[in-house]
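Visitor: The opening position of the sequence shown corresponds to residue 1 in this note's numbering, with each subsequent residue numbered one higher. The structure that follows is given in the form of structure tokens.
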Amino acid sequence: MTQEERWQQQYEQMMSFMETYHRRPSEHRLEEHDMLNWFKATKKDETTKLLLRLFFR
């Protein structure tokens, strides 16, 4: 499985979770903790990429 396929799988899992429960994963529920960590890392990574693109054109 490539890194892109893994990312897509995590994304689909996150979206189905949000569709089902109408909320983001909780940091207080252990079974949701991995999804939350992935979400935070992805969000941070995307923000960093955006900032780099803005400042270093």
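The beta-carbon is built from N, C-alpha and C at its ideal position, and this holds for glycine as well.
Can you look up Met1 in the DSSP assignment and give me helix, strand or coil?
Guide: Coil, per DSSP.
Visitor: Taking the alpha-carbon of Glu27 as reference, which of Met18, Asn37 and Met15 has the nearest alpha-carbon?
Guide: With distances taken between Cα atoms, Glu27 lies closest to Asn37.
Visitor: Do you know how far the Cα of Phe39 is from the Cα of Leu51?
Guide: Whole-angstrom Cα-Cα distance: 18 Å.
Visitor: Nearest by alpha-carbon distance to Met35: which of Thr2, Arg24 and Gln3 is it?
Guide: Closest option to Met35, Cα to Cα, is Arg24.
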